[in-house]
Structures are given as C-alpha cells and as structure tokens.
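Those protein sequences? They're chains A and B, same order as listed.
If you read the first sequence in UniProt numbering, its first letter stands for residue 1, the second for the next number, and so on.
If you read the second sequence in UniProt numbering, its first letter stands for residue 1, the second for the next number, and so on.
Ideal Cβ placement from N, Cα and C applies to all residues, glycine included.
Bear in mind the structure is a predicted one, so any value in this text is a computation, not a measurement.
Worksheet for the structure shown next.
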Amino acid sequence: MPATPKKQVHLAAQLPGIHNVTVWSDPRSESQISIDSFIRLAQTVERGKFDFFFLAEGLRLREHKGQVYDLDIAGRPENLTVLSALAAVTTRLGLAATVNATFNEPYEAARRFATLDRLSGGRAAWNVVTSYDAFTGENFRRGGFLPEADRYTRAAEFLTTARELWDSWASDDLRADAAAGEFTAPGAGRFAHRGRHFDISGRFTTPPGPQGHPVIIQSGESDAGREFAASDAEVIFSKHNRIDVARDFYRDVKRRLAAYGRRPEDLLILPTANAVVADTDEEAAAYAEEISRELVSPQTAIAHLEAVWGRDLSAYDPDGPLPDIEPEDDAHFLKGHSVFRKGRAETARQWRELAAERKLSIRELVIEVGGRQTFVGSPRTVADAIDDYVQTEGADGFVLVPHLTPGGLDDFVDRVVPILQEKGVHRDDYTGTTLREHLGLSDAPRPAGWGGPGQPLRTGRDDKETSA
Amino acid sequence: MTGTTRAPGAGAPLHLAVALDGAGWHPAAWREEGARPGELLDAAYWADLVTEAERGLLDFVTFEDALGLQSAVFHLPDDRTDQVRGSIDAVLLAAHLAPLTTHIGLVPTTNVTHTEPFHLAIGIATLDHASRGRAGWRPQISSRAADAAHFGRRTTPQLTEDDVTDSERISRPLRALFTEGAEVVEAARLLWDSWEDDAEIRDAATGRFIDRDKVHHIDFQGTDFSVKGPSITPRSPQGRPPVVSLAHATTPYEFAARASDVVAVTPHDGAGTAAILAQVAEAVERTGRDVRERPLRTFADLVVLLDDEPGAAARRKDRLDRVAGAPLASDAEIFTGTPAELADLLTDRHSTGLDGFRLRPAVLPHDLTAITRGLVPELQRRGVFRTEYTSTTLRGHLGLERPASRYAKAG
C-alpha cells in the first residue's frame with residue numbers, strides 16, 4: 001500500500017492593527033497605515049505562496065479609564081477598501097476581510113464582497129464576526145441594539161441572506177449579447193428575504209465573482225461558534241496553540257461537520273500563531289524573550305492589570321508584586337478589548353496564583369500570561385514543528401501574525417517556507433487561481449439538502465422559504 | 001459672484017474631469033464596435049479607462065454607483081434587459097485602481113441615505129491612503145424609493161410622475177434627505193479630522209504609541225443619527241478628500257454650498273451657465289460659507305460625442321439613437337462635434353465663470369480617447385490646460401490647500 005500522502009500546510013498572514021502583538025518601538029517598525037506596508041507584506045507572503053492575507057477589524061478605538069488607549073498600535077484602514085487595492089498588486093494571494101454582521105446590512109456587505117471577488121479574480125474571503133457592544137455601537141446609526149443572545153442568530157441570518165443575494169444572479173444572467181440586444185436575463189438579481197432580522201426584497205446589483213460565494217471564515221470558539229462554523233464556514237480561526245488543546249478542538253470541530261453533510265476537509269482549522277526564526281534555536285529563544293518583553297512595556301503591564309482589576313493601579317510598581325486589593329466587579333476599564341470583557345474575577349485569581357507560585361512581578365506576570373511565541377527556533381526547527389503540528393491533527397495550518405510591520409515575515413518566507421516545500425507539505429507554486437482552489441474547497445459551499453445555518457440537513461422537499 | 005475666489009477667465013486654470021459609467025452615457029454604447037460589454041464589472045476594463053484618463057492629465061475621474069440596479073426611469077426601477085444593468089462598489093473599484101495609477105484623482109459615488117456614515121468616512125480615508133492623496137468623494141442621496149427595500153430599515157419618499165418633470169420638484173420631497181446627506185458629510189469630515197496629523201508619536205520613553213490628546217471624540221449629533229468617534233483610520237494624506245456633488249436645483253445647490261468642494265451643474269448654454277452660477281452663488285450666500293476660506297469649484301457636466309471629421313459625431317449619435325430606439329435624453333447638455341469645436345465651447349464657458357468641466361463620454365472608450373488625445377492637446381495648444389501634472393494630490397490639482405485638522409490647536 002502506498003504511504004498516505006502528507007497533509008498540506010495552509011498558511012495565512014495577518015497585518016495586525018491592534019493589541020500588543022506588534023513591536024512598534026523597534027527601529028525596523030514602519031507605518032501600520034501606509035499602503036506601502038500592506039503591499040510589502042502581501043507581496044512577501046505571495047512570494048511564499050501563502051493561501052491568504054487577512055485583516056481583523058475594530059470599529060472603535062479602544063479606551064482605558066475613559067480615555068483613548070495609547071500604549072498599542074492604533075489606527076487601521078477600512079478592510080475591503082485596502083484589500084481591493086492589494087488585489088491590483090497581487091495575482092494569486094487570497095484576500096480575507098473581517099466584516100461585522102452587526103454594524104452592516106446584508107445587501108451592502110454582499111455587494112462589497114462580490115465586488116472584491118470580481119476585482120481579485122476569485123480571491124475574496126469573509127471573516128463573519130458579530131458584536132453587540134454599545135460601546136462600538138456609538139459610532140453607528142443603529143447603535144448597540146443587539147442582545148448578546150441574538151449574536152449568532154443575526155450572523156446566521158445575515159450570511160443566509162448574503163448567500164441568497166449572491167445566488168440572485170445565475171451564472172449566465174450577465175448576457176452582454178450585443179447582437180441580440182440582451183444585456184441581462186430578465187429578472188436578474190431579483191430576491192426576497194423575510195426573516196426575523198431582515199425583511200428585504202428587490203434587485204441585487206452585482207453578479208457574483210469567480211468563486212460564486214467568497215470563502216467564509218468564522219472565529220468564535222464557543223459552542224455556538226463551533227456549530228456555526230461546522231454548518232457554514234470553510235475556515236475557522238482559533239487561538240489554541242497548545243498542541244493538546246488544539247487537537248481536542250480540531251477533533252471536536254471536525255466531528256460536527258457530518259451532521260451538515262460536510263466532509264472533514266470542507267472546513268479548515270487555522271490557529272493564530274507567530275514564529276520567531278533565527279540562525280540557531282538559542283538565538284531564536286533569546287530573540288523571542290526580547291520580543292515578549294518589548295511587547296509588554298511597564299505601562300502596558302499596569303494597564304492590563306487595571307483592565308482585570310477594574311480599578312486604577314497606576315501607583316503600583318510594574319516590577320513589584322501584584323496588588324493585594326480585590327478587583328472591582330462592575331467596572332469595565334479597557335473597552336473595545338475582547339480579552340478583558342468577561343470573567344475578570346476568575347482571571348485575577350489565576351493571575352495571583354501564578355504570580356505567587358512563580359514569584360513573578362506584575363510585568364513578568366503579564367509577559368507570562370500574554371502568551372509565548374508559538375514557533376521559536378532555527379528555520380529547520382520551526383518548519384519541523386509546523387509540519388508535525390499539522391500532520392498530528394492539531395491544525396490544518398496557521399495564520400501567522402508578524403511582530404514587526406511590514407518586514408516581520410521576511411525570515412519566515414525566505415528561510416522556513418523553502419524547508420516546508422522541500423518536505424512536500426507546502427506548494428512550490430500556486431496551482432489554482434482562486435482562494436477556494438488554494439484551500440482545496442469545493443465550488444458549492446453548501447451540500448444538497450443544506451438546511452440553513454445551524455440547521456440539520458433536510459431530507460424532505462426543500463421549500464424556498466427562509467425562516468430564521 | 002460665482003462662489004469661487006476669483007473670476008476665472010484669462011489665466012485661470014481650466015479643470016477637466018471625466019465621468020465614467022458602464023459602457024458610456026449613451027444607452028446603446030454597450031452595443032458599439034469596440035465596446036467590452038462582458039467586462040463592465042471587471043477590473044481590467046476600468047484599469048484601461050483610468051490609465052487613458054491619466055494619460056490625458058485629467059484632474060479626476062468619477063465613478064457612478066447606486067444601491068440598486070440602473071433604470072431608464074428616474075424614480076422607479078425598470079425591467080429592461082436591453083441596457084446595461086449591474087454594478088460593482090465604486091469605492092472598492094477606485095481603491096483597486098489606486099496602485100495602478102499615480103496622479104489622477106479617483107472620485108467614487110456613494111449613497112449617503114442607507115450607508116453608515118462611519119463606514120463611508122473610513123472608506124474614503126482608506127482610499128486616500130491607498131492612492132497617496134488622490135481620493136475624492138461624491139455623496140449621493142437615494143432618490144429612488146425602491147432602493148430602501150434593499151435595506152428594510154427606513155422608507156424614503158416616492159417621487160411621482162409629476163415630480164420628475166422638473167428638477168425643482170424632484171428635490172422638494174427629498175429636502176430632508178439632502179439635509180441628512182450634508183450632515184453625513186459633516187460627520188465624515190469630523191472623523192477625518194479626529195486624528196490630528198501628528199497624533200502618532202511612538203514615544204518609547206513613556207510607552208505611548210499615540211498622543212491621546214490629539215485623537216478626538218467627535219460627538220456628532222445629527223437630526224437622525226449620531227457618531228461618537230474618533231475614526232479608526234489616522235488622518236489621510238489630503239486631510240479632507242474633496243467632496244464633489246452634482247446639482248440641478250435650489251436644494252442641491254444648498255447642499256453643495258454646505259458640503260462640497262466641487263459642484264457639477266448642468267447648464268445647456270452660455271446664458272444658462274450664468275444663471276446657474278448666480279443661483280449657486282446665492283446658495284453660498286444663504287449658507288454663510290466664506291469661499292475665500294473654503295473655495296467652491298464649479299464644473300459643468302456635458303455628455304460628449306467626439307469625432308475629428310465634421311458631422312461624424314452627430315451621425316454617430318443618430319445611429320446610436322436608432323439602436324436605442326429613442327433619442328439620447330440627459331440632464332446635461334449633449335455635445336456632438338470635433339475636439340476643436342468642444343475646445344471652443346469649453347474655453348468660452350470657462351470665461352463666463354466656470355472652473356472646469358466633467359465630461360461624460362457617450363461611448364467608451366471612443367469618446368474618452370477623443371478627450372485625452374483630441375480635446376486635451378487642443379486645449380494645451382491654446383494654453384488653457386496643464387501639459388504635465390504639477391501635483392500628486394487631488395486637492396493639489398484643484399488648487400485647494402490641505403486643511404489642518406479643526407481640532408489642532410493654532411500655533
């Protein structure tokens with residue numbers, strides 16, 4: 001029997017705009033907003049034959065103690081606009097935008113993704129996220145109207161509606177037949193959706209791009225999020241980068257697919273990761289330590305502590321012990337930062353325990369809990385670790401977040417990618433033109449009998465009415 | 001008297017823009033030899049057009065857009081299949097063209113009735129970053145009530161057959177939407193100003209990436225919406241990308257007086273030009289705008305069919321009209337003739353007080369190429385049009401200074 005072919009490693013890159021994942025104080029750190037930075041990183045990872053380039057979203061600047069948070073990189077572009085520009089200076093790289101289902105409407109979001117898919121020749125992906133917080137809502141007409149429990153029902157119906165809009169043009173509806181004088185088929189783009197969140201009808205403006213539907217990405221890790229991913233997404237992001245936890249997550253998500261008539265390979269699991277590469281493992285380890293320290297300045301350490309404690313701790317010494325006062329339960333200090341929103345009392349308890357056990361100062365603790373670099377070592381060490389992680393079903397690949405903008409993935413692309421290629425687990429060149437092809441996804445994102453987001457397969461007659 | 005800072009005429013620069021839409025502004029354009037009807041919604045077609053426009057050293061191109069299919073009827077959708085239907089998002093299209101060009105201004109149309117003001121502001125600011133200072137913005141209200149059903153959040157006035165016979169009557173029921181549109185522009189400008197130019201400090205000593213005193217909540221309160229701010233996008237190369245609006249009546253003139261940097265109007269002759277410029281000047285007066293501080297550039301729109309051989313353009317129009325089954329109808333004056341004849345008309349109108357022209361090529365690429373390779377050299381020979389770009393930003397092309405953020409402390 002021939003040996004089972006090795007799984008391919010899927011790689012994506014993120015240009016981070018927020019959080020303390022990027023060292024801005026490094027002299028090599030360039031603008032996070034200049035188009036040159038985006039072009040440079042996108043072209044670098046296209047050279048490395050990555051699957052896609054990804055942008056996260058934050059629709060309000062974070063605030064701490066009632067003021068704009070000033071310690072991290074802030075300031076980012078509108079995602080689909082910058083990706084449309086990048087589509088002109090790349091040829092194969094997938095382009096993934098996070099677009100919120102709470103502060104947008106299906107007609108416009110579907111139209112913009114169809115536009116990106118057309119402009120890029122079939123390279124668009126949509127990371128569907130939801131938000132219910134009134135803080136971000138203050139920037140929008142509609143405000144923070146959405147009860148938390150409705151997050152996924154709105155997201156699911158939003159996505160269903162977007163799909164109805166993409167399907168409202170049949171593939172031959174754009175006729176452009178000059179001799180016959182027929183530009184479109186009659187009724188092209190006609191749609192009607194009646195549901196709990198959306199009641200809309202009319203004509204959709206935009207025939208879909210080469211992919212039909214953009215690749216759908218989901219990034220929630222809750223039970224509802226996993227189920228949404230299993231029924232509807234083609235990529236799920238996760239934050240799990242401890243291999244044992246990651247394997248549990250991988251198994252759990254993949255086993256949910258069958259209920260929706262989907263195969264395990266129809267949903268790719270890509271954890272967020274970072275890689276620190278140097279000539280030797282020792283040098284890389286030292287560099288990783290340095291990065292971790294630089295990411296948590298003394299001021300950042302205190303700010304993170306305040307976010308968990310919900311009170312002003314500016315009088316505390318970042319190099320001293322944790323405060324012995326108790327956290328305030330209701331105060332929400334660091335707004336717009338998802339990490340510190342919930343379970344702060346429990347977090348404080350864990351942090352204290354860890355600090356006591358390891359005798360850590362405030363800053364040392366925040367560095368410790370901030371998470372380590374995922375892959376640290378020589379190019380060979382990093383390539384082996386990534387390959388092993390994927391072959392042992394911890395992931396299907398990774399979204400790499402560079403710690404420097406825009407040159408932070410240069411070493412990875414120049415030194416790790418060739419080894420992955422040599423190992424036969426990463427493409428030498430693109431074999432397809434669309435992101436669906438890069439990811440090995442089928443053209444039909446929904447199997448026959450698909451019952452709608454979060455709904456089991458239909459076995460009987462498929463009535464057209466959409467209810468949610 | 002015209003709302004500009006000076007009387008244009010001898011010595012004043014003549015500005016030239018092109019309005020790109022589908023296969024051109026004649027409904028039969030897509031059936032012409034040389035048209036690329038199957039590519040109207042794809043990148044390569046637009047890249048060719050905008051590259052050509054840039055070759056002609058034009059100030060800017062505009063991209064039409066709407067949140068509904070095109071219709072031959074102003075106020076209602078239609079079911080026609082014999083004309084161009086379908087569109088892509090104009091801001092994204094403009095952004096896509098930004099890295100493929102270096103000088104020309106890129107002015108997408110957006111809807112300001114249904115789209116969130118915050119999204120509009122960061123989209124245009126991002127276009128300005130992506131084009132390194134060449135973004136403009138043409139905000140447009142939703143005048144077709146059927147488009148509201150695409151969103152299901154509000155209703156907008158349904159114009160009647162009587163309303164659409166006259167531009168004053170069209171704008172009357174839409175007055176509240178114009179007022180709201182001006183508020184959207186104001187909110188966007190506040191967001192553009194909300195990061196002062198020097199807000200990013202990267203001060204390692206204090207650990208601060210930004211100076212929070214230079215990033216501002218805007219606390220904008222409009223009639224029906226509010227925006228807290230600040231923007232998520234740092235201040236863009238132009239600070240405030242120029243706003244362009246098309247206006248045919250008192251209410252949109254007032255919108256332009258409040259909100260625009262460039263207003264495009266639709267006179268049909270020399271006398272009409274003077275009359276409209278006077279109306280624009282009155283609107284400026286009524287709104288209290290100080291045009292020495294905030295100049296308002298006036299452009300006239302013309303649909304153009306151009307051929308070198310005398311009479312050929314008119315014959316071509318007749319042929320297109322026969323294919324379309326009706327004579328070309330337009331809100332703007334329709335010009336048929338040679339590039340030299342058009343140059344005569346433009347220089348004449350320019351001397352009556354217009355700053356420039358937004359030409360709508362009837363057939364693409366034919367009439368665009370006639371503009372860039374026929375009209376432009378003709379105007380250059382007469383010494384009234386630039387022979388090279390002297391600026392890299394749209395504000396620069398238009399002779400508009402880059403404004404400081406209104407939040408910046410003087411001195």
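Just to confirm before moving on: does the CB-CB distance between residue i and residue j stay below 8 Å?
i             : j        : result
Arg138/B      : Gly68/B  : no
Leu394/B      : Gly207/B : no
Thr81/A       : Ala130/B : yes
Pro391/A      : Lys7/A   : This sequence places Gln at residue 391/A; Pro is not what is there. Yes, Cβ-Cβ distance for Gln391/A and Lys7/A is below 8 Å.
Phe52/A       : Leu93/A  : yes
Arg292/B      : Glu254/B : no
Ile371/B      : Leu305/B : no
residue 413/B : Leu76/B  : Residue coverage of chain B in this structure runs from 1 to 411, which leaves residue 413/B outside it and unanswerable.
Ala246/A      : Ala395/A : yes
Leu435/A      : Gln211/A : yes
Val89/A       : Pro99/B  : yes
Ala249/B      : Glu168/B : yes
Ser168/A      : Arg190/A : yes
Val21/A       : His403/A : yes
Leu83/A       : Leu116/A : yes
Glu294/A      : Ser25/A  : yes
Pro117/B      : Val227/B : yes
Leu165/A      : Gly86/B  : no
Going by alpha carbons, who is nearest to residue i out of the options?
i        : options                                   : result
Gly187/A : Gly38/B, Asp82/B, Leu296/B and Ala204/B   : Asp82/B
Phe50/A  : Arg427/A, Leu441/A and Ser442/A           : Arg427/A
Ala155/A : Asp117/A, Gly181/A, Phe198/A and Pro271/A : Phe198/A
Phe398/A : Thr300/A, Arg358/A, Leu270/A and Gly377/A : Leu270/A
Thr374/A : Leu322/A, Ser292/A, Val23/A and Ser361/A  : Ser292/A
Asp223/A : Arg151/A, Thr280/A, Ala170/A and Leu174/A : Arg151/A
Arg358/B : Phe299/B, Arg349/B and Asp318/B           : Phe299/B
Asp279/A : Phe412/A, Ile35/A and Ala307/A            : Phe412/A
Gln380/B : Ala19/B, Ala340/B, Val84/B and Phe74/B    : Ala340/B
What in chain A is Cβ-close to residue i, meaning under 9 Å?
i        : result
Gly229/B : Arg60, Leu61, Glu138 and Asn139
Which of the three DSSP states is assigned to residue i in this structure?
i        : result
Arg363/A : helix
Val413/A : helix
Leu400/B : coil
Phe140/A : coil
Arg6/B   : Caution is warranted here: a pLDDT of 42 is assigned to Arg6/B, below 50, making its placement in the model unreliable, and the coordinate value is therefore given only provisionally. Arg6/B falls in the coil class under three-state DSSP.
Asn79/A  : helix
Leu320/B : helix
Met1/B   : Note that Met1/B has pLDDT 38, beneath the 50 cutoff, so the model's placement of it is unreliable and no number is given.
Pro365/B : coil
Asp443/A : coil
Leu267/A : coil
Glu333/B : strand
Ala468/A : With a pLDDT of 32 at Ala468/A, under the threshold of 50, the modelled position of that residue is not reliable, and the figure given next carries that caveat. If DSSP states are grouped into helix, strand and coil, Ala468/A belongs with coil.
Val263/B : strand
Val376/A : strand
His403/A : coil
Gly397/A : strand
Arg194/A : strand
Glu254/B : helix
Name the chain B residues whose beta carbon is nearer than 8 Å to that of residue i?
i        : result
Val82/A  : Ala95, Thr126, His129 and Ala130
Ile33/A  : His129, Thr233 and Pro234
Pro298/A : Gly207
Cβ closer than 9 Å: which chain B residues qualify as neighbours of residue i?
i        : result
Thr206/A : Leu41, Gly86, Ser87, Ile88 and Asp89
Phe333/A : Those within 9 Å of Phe333/A in chain B number zero; the least Cβ separation is about 15 Å.
Which bits of chain A does residue i rub up against, with CB to CB less than 8 Å?
i        : result
Asp79/B  : Pro186 and Gly187
Gln83/B  : Phe183
Ala146/B : Gly202
What in chain B is Cβ-close to residue i, meaning under 7 Å?
i        : result
Val416/A : Those within 7 Å of Val416/A in chain B number zero; the least Cβ separation is about 28 Å.
Ile200/A : Ala149, His150, Phe151 and Gly152
Name the chain A residues that come within less than 7 Å of residue i, Cβ to Cβ?
i        : result
Arg212/B : Gln67, Val68 and Asp70
Only counting runs of 4 or more residues, tell me where the alpha helix (DSSP H) segments fall wholly within the region 269-320 of chain A, in order along the chain.
281-295 and 298-309
In the region 22-63 of chain A, which residue ranges form an unbroken beta strand (DSSP E) of at least 3 residues, counting only runs that do not cross its ends?
Runs found: 52-55.
Only counting runs of 4 or more residues, tell me where the alpha helix (DSSP H) segments fall wholly within the region 107-187 of chain B, in order along the chain.
117-130 and 167-171
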